[in-house]
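Numbering follows numbering that gives the first Met the number 0, with no gaps: position 16 of the sequence shown is 15.
By construction, the Cβ of each residue, glycine as well, lies at the ideal position given by its N, Cα and C atoms.
The structure displayed is predicted, hence computed values, not measured ones.
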Amino acid sequence: MNPPVAWTYPDNMALQLGTNLPGQPLTQTDAQNTANGNIMATTLEALADARIPTAGVRVIPTYTPPMVLDCQKASTAPGTAIGQQFGIVEQGAVIRLASSTALISVANCGARSFVPATNPLTFTEFVQRGSVQLQGVVASVFQLEQVAARMMVNLNFNNRVRFVTPIVVS
């Protein structure tokens, strides 16, 4: 999956350098709490939609928020250094990391103008993994596949998670 910005965090200099992404929590703990809350709520909602009782169900999400920076937007910063990776966001999800072979000025970062002909960006796909363990659920594999499909839809539309592969039920 490509995680939503809200499930990532910047380094501790983000406010000074302007390297935090819009909507990004400033700490790993906040990103973890947001991700866990979104995953647990979506899972319970999907179980209820499938008419699977949720009383006594325990949802255990496993996801580690990654550190993701933006290019430097603060006027006190010199710009984004050569080779420094920064997140590319589409529809609220961090889909790639980009780096440049030349300094990206604060003005160009703010304008999102990265690609002069002499300075192409290098992109790396940004795919993260997560899992959910359910305890106390009695359901068939078919029902759980329906739950997984519903989770994908809800996480995408409500939380901006972008799935690159379907959720696997095991």
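What do you reckon, are the CB atoms on residue i and residue j nearer than 8 Å?
| i | j | result |
| --- | --- | --- |
| P3 | G91 | yes |
| V136 | L46 | yes |
By how many angstroms is the C-alpha of residue j removed from the C-alpha of residue i?
| i | j | result |
| --- | --- | --- |
| M12 | A147 | 38 Å |
| N1 | I81 | 25 Å |
| T18 | D10 | 8 Å |
| S99 | N153 | 35 Å |
| L16 | D69 | 10 Å |
| N118 | A5 | 30 Å |
Might you give, ordered along the chain, the residues of its own chain that have their beta carbon closer than 6 Å to the beta carbon of residue i, omitting 5 neighbours on each side?
| i | result |
| --- | --- |
| V170 | Residue 170 lies beyond the stretch modelled for the chain, which goes from 0 to 169, so this question has no answer here. |
| Q134 | R57 |
If I measure Cβ to Cβ from residue i and keep anything under 7 Å in the same chain, skipping five residues before and after, which residues do I get?
| i | result |
| --- | --- |
| F162 | M0, M151, N155 |
| Q83 | S98 |
With three or more beta-carbon pairs closer than 8 Å as the criterion, would you say the segment 36 to 53 touches the segment 91 to 105? no
Contact the segment 119 to 130 vs the segment 48 to 61: 3+ CB pairs below 8 Å: In short, these stretches touch, since the Cβ pair count reaches three.
Check whether the segment 20 to 31 touches the segment 74 to 84, taking contact to mean three or more Cβ pairs, one atom from each stretch, closer than 8 Å. no
Runs of beta strand (DSSP E) wholly within the segment 98 to 148 (minimum 3 residues, chain order): If we require 3 residues or more, the beta strand (DSSP E) runs fully inside the segment 98 to 148 come out as 120 to 124, 130 to 134.
At 3 residues or longer, what runs of the beta strand (DSSP E) sit wholly inside the segment 41 to 91? Given a length threshold of 3 residues, each whole run of the beta strand (DSSP E) inside the segment 41 to 91 is given here in chain order: 57 to 61, 85 to 89.
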